[in-house]
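Residue numbers (the UniProt record's numbering): 1 to 374.
Backbone N, C-alpha and C fix where the C-beta goes; we use that ideal spot for every residue, glycine too.
Remember, it's a predicted structure, so these values are computed and weren't measured experimentally.
Okay, structure first, notes after.
Dropping the structure here:
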(Lines of atoms letter the chains of each structure in order from A and count residues from 1; the text may use other names and numbers.)
(Lines give C-alpha, C1' and ligand atoms only; values in the text may rest on other atoms or scores of the structure.)
Protein backbone atom coordinates (compact mmCIF):
# COMPACT_ATOMS: atom_id res chain seq x y z
CA UNK A 1 0.00 0.00 0.00
CA UNK A 2 1.42 3.37 -1.00
CA UNK A 3 1.76 5.75 1.93
CA UNK A 4 -0.63 8.67 1.47
CA UNK A 5 0.76 10.71 4.34
CA UNK A 6 2.01 14.17 3.51
CA UNK A 7 0.90 17.70 2.62
CA UNK A 8 -0.74 18.50 -0.68
CA UNK A 9 -2.15 21.52 -2.46
CA UNK A 10 -5.32 20.80 -4.42
CA UNK A 11 -6.89 23.17 -6.91
CA UNK A 12 -10.65 23.25 -7.24
CA UNK A 13 -11.94 21.69 -10.46
CA UNK A 14 -15.07 22.04 -12.57
CA UNK A 15 -16.08 18.64 -11.26
CA UNK A 16 -15.92 19.90 -7.69
CA UNK A 17 -18.01 22.93 -8.61
CA UNK A 18 -20.63 20.60 -10.07
CA UNK A 19 -20.59 18.62 -6.83
CA UNK A 20 -21.16 21.76 -4.77
CA UNK A 21 -24.04 22.75 -7.02
CA UNK A 22 -25.50 19.25 -6.71
CA UNK A 23 -25.29 19.49 -2.92
CA UNK A 24 -27.25 22.75 -3.01
CA UNK A 25 -24.42 25.17 -2.22
CA UNK A 26 -25.22 28.86 -2.91
CA UNK A 27 -23.88 30.21 -6.20
CA UNK A 28 -21.91 32.86 -4.32
CA UNK A 29 -20.11 30.16 -2.33
CA UNK A 30 -19.35 28.17 -5.50
CA UNK A 31 -17.94 31.28 -7.17
CA UNK A 32 -15.81 31.96 -4.07
CA UNK A 33 -14.12 28.54 -4.13
CA UNK A 34 -13.85 28.30 -7.92
CA UNK A 35 -10.22 29.35 -8.07
CA UNK A 36 -9.35 28.68 -4.46
CA UNK A 37 -6.62 26.28 -3.42
CA UNK A 38 -7.11 23.68 -0.75
CA UNK A 39 -4.37 22.54 1.59
CA UNK A 40 -4.65 18.88 2.49
CA UNK A 41 -2.61 17.20 5.21
CA UNK A 42 -2.76 13.42 5.71
CA UNK A 43 -1.16 11.60 8.63
CA UNK A 44 -1.36 8.01 9.85
CA UNK A 45 -1.18 6.15 13.15
CA UNK A 46 -1.38 2.38 12.83
CA UNK A 47 -4.29 1.61 10.53
CA UNK A 48 -5.95 4.95 11.22
CA UNK A 49 -5.55 7.87 8.86
CA UNK A 50 -6.16 11.49 9.83
CA UNK A 51 -6.96 14.06 7.18
CA UNK A 52 -7.14 17.83 7.62
CA UNK A 53 -8.22 20.04 4.76
CA UNK A 54 -8.07 23.83 4.81
CA UNK A 55 -9.97 25.82 2.19
CA UNK A 56 -9.24 29.52 2.09
CA UNK A 57 -8.36 31.04 5.44
CA UNK A 58 -10.87 29.66 7.91
CA UNK A 59 -12.64 26.55 6.61
CA UNK A 60 -11.04 23.58 8.33
CA UNK A 61 -12.33 20.04 8.07
CA UNK A 62 -10.81 17.15 10.00
CA UNK A 63 -11.54 13.45 9.74
CA UNK A 64 -10.15 10.13 10.94
CA UNK A 65 -10.80 6.78 9.36
CA UNK A 66 -9.69 3.17 9.25
CA UNK A 67 -9.72 1.49 5.86
CA UNK A 68 -12.85 -0.56 5.35
CA UNK A 69 -14.68 0.77 8.41
CA UNK A 70 -17.35 3.40 8.84
CA UNK A 71 -16.32 6.53 10.67
CA UNK A 72 -17.85 9.83 11.71
CA UNK A 73 -16.58 13.01 10.12
CA UNK A 74 -16.53 16.46 11.74
CA UNK A 75 -17.77 19.14 9.37
CA UNK A 76 -16.95 22.89 9.39
CA UNK A 77 -20.35 23.69 10.95
CA UNK A 78 -19.67 21.30 13.83
CA UNK A 79 -22.00 18.60 12.54
CA UNK A 80 -21.04 15.03 11.70
CA UNK A 81 -21.82 12.60 8.92
CA UNK A 82 -21.02 8.96 8.28
CA UNK A 83 -18.26 8.04 5.89
CA UNK A 84 -16.57 4.89 4.63
CA UNK A 85 -13.17 4.33 3.05
CA UNK A 86 -12.10 1.31 1.07
CA UNK A 87 -8.85 0.50 -0.71
CA UNK A 88 -8.81 0.00 -4.47
CA UNK A 89 -5.29 -1.16 -5.10
CA UNK A 90 -1.83 -0.08 -4.00
CA UNK A 91 -2.28 3.63 -4.68
CA UNK A 92 -5.99 4.39 -4.51
CA UNK A 93 -8.46 5.07 -1.72
CA UNK A 94 -12.19 5.48 -2.28
CA UNK A 95 -13.80 7.76 0.28
CA UNK A 96 -17.60 8.04 0.52
CA UNK A 97 -19.49 10.61 2.53
CA UNK A 98 -23.20 10.91 3.22
CA UNK A 99 -26.12 8.74 2.28
CA UNK A 100 -28.87 8.55 -0.30
CA UNK A 101 -29.34 11.35 -2.79
CA UNK A 102 -26.71 13.58 -1.23
CA UNK A 103 -23.87 11.09 -1.15
CA UNK A 104 -20.39 12.00 -2.32
CA UNK A 105 -17.42 9.88 -3.30
CA UNK A 106 -13.82 11.04 -3.47
CA UNK A 107 -11.18 8.91 -5.16
CA UNK A 108 -7.66 9.63 -3.90
CA UNK A 109 -5.01 8.45 -6.34
CA UNK A 110 -1.28 8.84 -5.77
CA UNK A 111 1.04 8.66 -8.79
CA UNK A 112 4.65 9.85 -8.80
CA UNK A 113 4.07 11.71 -5.53
CA UNK A 114 1.18 13.65 -7.08
CA UNK A 115 -2.16 13.29 -5.32
CA UNK A 116 -5.20 13.47 -7.57
CA UNK A 117 -8.66 13.72 -6.05
CA UNK A 118 -11.76 13.11 -8.16
CA UNK A 119 -15.07 13.92 -6.48
CA UNK A 120 -18.34 12.46 -7.76
CA UNK A 121 -21.84 13.38 -6.66
CA UNK A 122 -24.93 11.24 -6.46
CA UNK A 123 -25.96 7.85 -5.14
CA UNK A 124 -22.51 6.35 -5.61
CA UNK A 125 -21.37 2.75 -5.73
CA UNK A 126 -17.68 1.91 -5.72
CA UNK A 127 -16.96 -1.01 -8.01
CA UNK A 128 -13.49 -0.97 -9.47
CA UNK A 129 -12.97 -2.22 -12.99
CA UNK A 130 -9.54 -1.62 -14.49
CA UNK A 131 -8.94 1.49 -12.39
CA UNK A 132 -12.39 2.93 -13.02
CA UNK A 133 -14.93 3.98 -10.42
CA UNK A 134 -18.40 3.01 -11.60
CA UNK A 135 -21.41 4.96 -10.41
CA UNK A 136 -24.88 3.47 -10.56
CA UNK A 137 -27.54 1.28 -9.03
CA UNK A 138 -27.21 -2.12 -7.56
CA UNK A 139 -24.18 -2.29 -5.30
CA UNK A 140 -23.55 -1.23 -1.71
CA UNK A 141 -20.48 -0.89 0.44
CA UNK A 142 -21.48 -3.84 2.60
CA UNK A 143 -21.55 -5.84 -0.62
CA UNK A 144 -18.17 -4.46 -1.63
CA UNK A 145 -16.62 -5.65 1.60
CA UNK A 146 -18.50 -8.97 1.69
CA UNK A 147 -17.88 -10.19 -1.85
CA UNK A 148 -14.38 -11.52 -1.13
CA UNK A 149 -15.83 -13.86 1.52
CA UNK A 150 -18.65 -15.12 -0.70
CA UNK A 151 -18.90 -18.91 -0.29
CA UNK A 152 -18.28 -20.66 -3.60
CA UNK A 153 -19.54 -24.20 -4.12
CA UNK A 154 -17.72 -26.84 -6.19
CA UNK A 155 -20.93 -27.27 -8.18
CA UNK A 156 -21.18 -23.58 -9.12
CA UNK A 157 -21.09 -22.43 -12.72
CA UNK A 158 -19.66 -18.91 -13.01
CA UNK A 159 -20.05 -16.84 -16.17
CA UNK A 160 -17.39 -14.13 -15.90
CA UNK A 161 -17.47 -11.57 -18.68
CA UNK A 162 -17.04 -7.87 -19.29
CA UNK A 163 -20.12 -5.71 -19.83
CA UNK A 164 -22.01 -6.05 -23.11
CA UNK A 165 -19.89 -8.94 -24.35
CA UNK A 166 -22.65 -11.51 -24.79
CA UNK A 167 -23.27 -12.28 -21.11
CA UNK A 168 -27.06 -12.49 -21.44
CA UNK A 169 -26.79 -14.68 -24.53
CA UNK A 170 -24.37 -17.06 -22.82
CA UNK A 171 -26.47 -17.04 -19.64
CA UNK A 172 -29.59 -18.12 -21.51
CA UNK A 173 -27.65 -20.80 -23.35
CA UNK A 174 -26.07 -22.26 -20.20
CA UNK A 175 -29.39 -22.09 -18.35
CA UNK A 176 -31.11 -24.12 -21.08
CA UNK A 177 -28.20 -26.56 -21.31
CA UNK A 178 -28.50 -27.24 -17.58
CA UNK A 179 -32.26 -27.72 -18.14
CA UNK A 180 -31.35 -30.45 -20.67
CA UNK A 181 -32.79 -28.38 -23.48
CA UNK A 182 -36.33 -28.48 -22.08
CA UNK A 183 -37.65 -24.99 -22.88
CA UNK A 184 -40.61 -25.28 -20.50
CA UNK A 185 -38.16 -25.44 -17.59
CA UNK A 186 -36.84 -21.94 -18.32
CA UNK A 187 -39.97 -20.34 -19.76
CA UNK A 188 -41.55 -19.12 -16.51
CA UNK A 189 -38.57 -17.48 -14.76
CA UNK A 190 -36.66 -14.39 -15.94
CA UNK A 191 -32.98 -14.77 -16.73
CA UNK A 192 -31.95 -12.57 -13.79
CA UNK A 193 -33.44 -15.20 -11.44
CA UNK A 194 -32.10 -18.24 -13.28
CA UNK A 195 -28.63 -16.71 -13.69
CA UNK A 196 -28.35 -13.96 -11.05
CA UNK A 197 -25.55 -11.46 -11.37
CA UNK A 198 -23.39 -11.20 -8.27
CA UNK A 199 -22.47 -7.73 -9.53
CA UNK A 200 -25.96 -6.51 -8.66
CA UNK A 201 -27.64 -6.44 -5.29
CA UNK A 202 -31.23 -5.48 -4.75
CA UNK A 203 -32.92 -5.30 -1.36
CA UNK A 204 -33.39 -9.06 -1.28
CA UNK A 205 -29.70 -9.95 -1.58
CA UNK A 206 -27.90 -6.94 -0.19
CA UNK A 207 -25.62 -9.09 1.95
CA UNK A 208 -25.43 -11.84 -0.69
CA UNK A 209 -27.42 -14.24 1.52
CA UNK A 210 -29.96 -14.61 -1.26
CA UNK A 211 -27.45 -16.65 -3.25
CA UNK A 212 -27.29 -19.19 -0.43
CA UNK A 213 -30.90 -20.20 -1.15
CA UNK A 214 -30.26 -21.07 -4.80
CA UNK A 215 -30.31 -24.85 -5.35
CA UNK A 216 -27.32 -26.58 -6.90
CA UNK A 217 -25.96 -26.19 -9.41
CA UNK A 218 -25.99 -22.41 -9.16
CA UNK A 219 -25.34 -20.47 -12.36
CA UNK A 220 -23.91 -17.07 -11.42
CA UNK A 221 -22.95 -14.20 -13.70
CA UNK A 222 -20.28 -11.63 -12.81
CA UNK A 223 -18.63 -8.63 -14.44
CA UNK A 224 -15.92 -8.33 -11.77
CA UNK A 225 -12.24 -8.61 -12.51
CA UNK A 226 -10.51 -11.71 -11.20
CA UNK A 227 -8.75 -9.77 -8.43
CA UNK A 228 -12.12 -8.64 -7.01
CA UNK A 229 -13.83 -12.02 -7.20
CA UNK A 230 -14.39 -14.38 -4.26
CA UNK A 231 -11.74 -17.03 -3.78
CA UNK A 232 -12.70 -20.01 -5.93
CA UNK A 233 -9.35 -21.31 -7.15
CA UNK A 234 -9.44 -24.02 -4.50
CA UNK A 235 -12.84 -25.30 -5.60
CA UNK A 236 -13.73 -27.19 -8.74
CA UNK A 237 -16.58 -24.94 -9.84
CA UNK A 238 -16.98 -24.32 -13.55
CA UNK A 239 -15.79 -20.93 -14.76
CA UNK A 240 -16.48 -19.23 -18.09
CA UNK A 241 -14.90 -16.01 -19.21
CA UNK A 242 -14.89 -13.89 -22.32
CA UNK A 243 -13.71 -10.44 -23.42
CA UNK A 244 -10.81 -8.09 -23.72
CA UNK A 245 -7.71 -6.63 -22.10
CA UNK A 246 -7.34 -6.43 -18.33
CA UNK A 247 -10.52 -8.32 -17.57
CA UNK A 248 -9.72 -11.39 -19.65
CA UNK A 249 -5.96 -11.10 -19.15
CA UNK A 250 -6.38 -11.41 -15.38
CA UNK A 251 -8.47 -14.57 -15.69
CA UNK A 252 -6.28 -16.03 -18.43
CA UNK A 253 -3.02 -15.49 -16.56
CA UNK A 254 -4.50 -16.50 -13.20
CA UNK A 255 -5.75 -19.77 -14.64
CA UNK A 256 -2.62 -20.84 -16.45
CA UNK A 257 -3.36 -19.55 -19.96
CA UNK A 258 -6.80 -21.07 -20.01
CA UNK A 259 -5.64 -24.66 -19.49
CA UNK A 260 -7.43 -25.37 -16.21
CA UNK A 261 -9.93 -28.24 -16.64
CA UNK A 262 -12.70 -26.31 -14.89
CA UNK A 263 -12.28 -23.13 -16.97
CA UNK A 264 -13.71 -22.62 -20.45
CA UNK A 265 -12.97 -19.44 -22.39
CA UNK A 266 -15.78 -18.52 -24.78
CA UNK A 267 -15.49 -15.81 -27.43
CA UNK A 268 -18.53 -13.88 -28.57
CA UNK A 269 -17.39 -14.34 -32.15
CA UNK A 270 -17.43 -18.13 -31.70
CA UNK A 271 -21.07 -18.00 -30.63
CA UNK A 272 -21.94 -15.93 -33.69
CA UNK A 273 -19.95 -18.08 -36.12
CA UNK A 274 -21.30 -21.48 -35.07
CA UNK A 275 -23.79 -21.56 -32.22
CA UNK A 276 -24.47 -25.30 -32.56
CA UNK A 277 -20.80 -26.19 -32.19
CA UNK A 278 -20.51 -23.95 -29.15
CA UNK A 279 -23.62 -25.50 -27.56
CA UNK A 280 -21.97 -28.92 -27.88
CA UNK A 281 -18.66 -27.57 -26.54
CA UNK A 282 -20.28 -25.93 -23.52
CA UNK A 283 -22.53 -28.93 -22.86
CA UNK A 284 -19.52 -31.27 -22.91
CA UNK A 285 -17.69 -28.94 -20.53
CA UNK A 286 -20.68 -29.17 -18.18
CA UNK A 287 -20.81 -32.95 -18.42
CA UNK A 288 -23.74 -33.25 -20.81
CA UNK A 289 -24.19 -34.76 -24.25
CA UNK A 290 -27.18 -33.96 -26.44
CA UNK A 291 -28.75 -35.38 -29.56
CA UNK A 292 -28.83 -33.13 -32.62
CA UNK A 293 -32.51 -32.36 -32.05
CA UNK A 294 -31.82 -31.03 -28.54
CA UNK A 295 -28.92 -28.93 -29.81
CA UNK A 296 -31.18 -27.47 -32.51
CA UNK A 297 -33.79 -26.62 -29.86
CA UNK A 298 -31.22 -24.79 -27.74
CA UNK A 299 -29.82 -22.89 -30.73
CA UNK A 300 -33.31 -21.85 -31.85
CA UNK A 301 -34.41 -20.75 -28.38
CA UNK A 302 -31.17 -18.80 -27.87
CA UNK A 303 -31.17 -17.07 -31.24
CA UNK A 304 -30.96 -13.30 -30.97
CA UNK A 305 -34.31 -12.83 -32.72
CA UNK A 306 -36.04 -15.15 -30.26
CA UNK A 307 -34.35 -13.63 -27.21
CA UNK A 308 -35.28 -10.06 -28.20
CA UNK A 309 -38.97 -11.02 -28.05
CA UNK A 310 -38.70 -13.26 -24.98
CA UNK A 311 -39.51 -11.32 -21.77
CA UNK A 312 -37.87 -14.11 -19.74
CA UNK A 313 -34.56 -13.54 -21.57
CA UNK A 314 -34.48 -9.90 -22.69
CA UNK A 315 -34.34 -8.46 -19.15
CA UNK A 316 -37.52 -6.46 -19.73
CA UNK A 317 -38.42 -6.64 -16.03
CA UNK A 318 -34.98 -5.40 -14.99
CA UNK A 319 -35.14 -2.50 -17.44
CA UNK A 320 -38.56 -1.52 -16.10
CA UNK A 321 -37.17 -1.63 -12.54
CA UNK A 322 -34.32 0.63 -13.66
CA UNK A 323 -36.82 3.14 -15.05
CA UNK A 324 -36.16 2.43 -18.75
CA UNK A 325 -39.18 0.39 -19.89
CA UNK A 326 -39.13 -0.38 -23.59
CA UNK A 327 -35.35 -0.16 -23.84
CA UNK A 328 -33.50 -3.00 -25.56
CA UNK A 329 -31.00 -5.01 -23.55
CA UNK A 330 -30.49 -7.60 -26.30
CA UNK A 331 -29.21 -5.57 -29.21
CA UNK A 332 -27.82 -6.34 -32.69
CA UNK A 333 -25.87 -9.52 -32.00
CA UNK A 334 -23.39 -8.99 -34.81
CA UNK A 335 -19.60 -9.01 -35.13
CA UNK A 336 -17.78 -5.90 -36.36
CA UNK A 337 -20.37 -3.27 -35.53
CA UNK A 338 -17.57 -0.93 -34.50
CA UNK A 339 -17.36 -0.01 -38.19
CA UNK A 340 -20.67 1.82 -37.74
CA UNK A 341 -19.23 3.99 -34.97
CA UNK A 342 -15.48 4.39 -35.61
CA UNK A 343 -13.43 5.98 -38.32
CA UNK A 344 -10.58 4.00 -39.88
CA UNK A 345 -8.10 6.06 -37.86
CA UNK A 346 -9.92 5.34 -34.59
CA UNK A 347 -10.17 1.64 -35.43
CA UNK A 348 -6.43 1.48 -36.13
CA UNK A 349 -5.68 3.14 -32.78
CA UNK A 350 -7.82 0.58 -30.97
CA UNK A 351 -6.14 -2.26 -32.86
CA UNK A 352 -2.69 -1.08 -31.81
CA UNK A 353 -3.68 -0.69 -28.16
CA UNK A 354 -5.49 -4.02 -27.96
CA UNK A 355 -2.70 -5.82 -29.80
CA UNK A 356 -0.24 -4.71 -27.13
CA UNK A 357 -2.48 -5.84 -24.29
CA UNK A 358 -3.50 -9.16 -25.83
CA UNK A 359 0.08 -10.07 -26.68
CA UNK A 360 0.56 -10.83 -22.97
CA UNK A 361 -1.71 -13.86 -23.31
CA UNK A 362 -0.67 -14.90 -26.82
CA UNK A 363 -3.75 -13.60 -28.64
CA UNK A 364 -4.02 -11.22 -31.56
CA UNK A 365 -6.51 -8.70 -32.90
CA UNK A 366 -8.64 -9.94 -35.81
CA UNK A 367 -10.95 -7.75 -37.87
CA UNK A 368 -13.11 -10.55 -39.25
CA UNK A 369 -14.06 -14.17 -38.59
CA UNK A 370 -12.02 -15.52 -41.50
CA UNK A 371 -8.88 -14.00 -40.00
CA UNK A 372 -9.75 -15.28 -36.53
CA UNK A 373 -10.21 -18.85 -37.79
CA UNK A 374 -6.82 -19.00 -39.49
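Taking residue i and residue j to be in contact with their CB atoms under 8 Å, please state how far apart those CB atoms are, rounded to whole angstroms.
i, j, result
"residue 218", "residue 157", "7 Å"
"residue 282", "residue 177", "6 Å"
"residue 270", "residue 335", "With 8 Å as the limit, residue 270 and residue 335 do not qualify as a contact, their Cβ atoms being about 10 Å apart."
"residue 364", "residue 358", "6 Å"
May I have the straight-line CA-CA distance separating residue i from residue j, to the nearest angstrom?
i, j, result
"residue 302", "residue 181", "11 Å"
"residue 196", "residue 43", "42 Å"
"residue 154", "residue 311", "31 Å"
"residue 272", "residue 279", "11 Å"
"residue 71", "residue 150", "Because residue 71 carries a pLDDT of 41, less than 50, the predicted location of this residue cannot be relied on, and the following value inherits that uncertainty. Roughly 25 Å between the two C-alpha positions."
"residue 185", "residue 213", "19 Å"
"residue 188", "residue 263", "30 Å"
"residue 285", "residue 291", "16 Å"
"residue 415", "residue 289", "Summary: the structure shown does not reach residue 415, with the chain confined to residues 1 through 374, and so no result is reported for it."
"residue 354", "residue 276", "29 Å"
"residue 293", "residue 209", "38 Å"
"residue 305", "residue 167", "16 Å"
"residue 221", "residue 194", "10 Å"
"residue 344", "residue 350", "10 Å"
"residue 347", "residue 216", "44 Å"
"residue 341", "residue 267", "22 Å"
"residue 309", "residue 339", "26 Å"
"residue 183", "residue 307", "13 Å"
"residue 360", "residue 260", "18 Å"
"residue 362", "residue 337", "24 Å"
Name the residue from the options whose alpha carbon lies nearest to the alpha carbon of residue i.
i, options, result
"residue 198", "188, 178, 160 and 177", "160"
"residue 265", "165, 150, 152 and 151", "165"
"residue 423", "223, 215 and 346", "Here the chain covers residues 1 to 374 and nothing more, so residue 423 does not appear."
"residue 274", "296, 308 and 260", "296"
"residue 211", "287, 152, 267 and 179", "152"
"residue 179", "361, 287 and 260", "287"
Query raised in the report: Does the pairing of the segment 166 to 173 with the segment 287 to 307 give three or more beta-carbon distances under 8 Å?
Result: yes
Query raised in the report: Can you list the alpha helix (DSSP H) stretches of 4 or more residues lying completely in the segment 146 to 181, in chain order?
Result: 167 to 178
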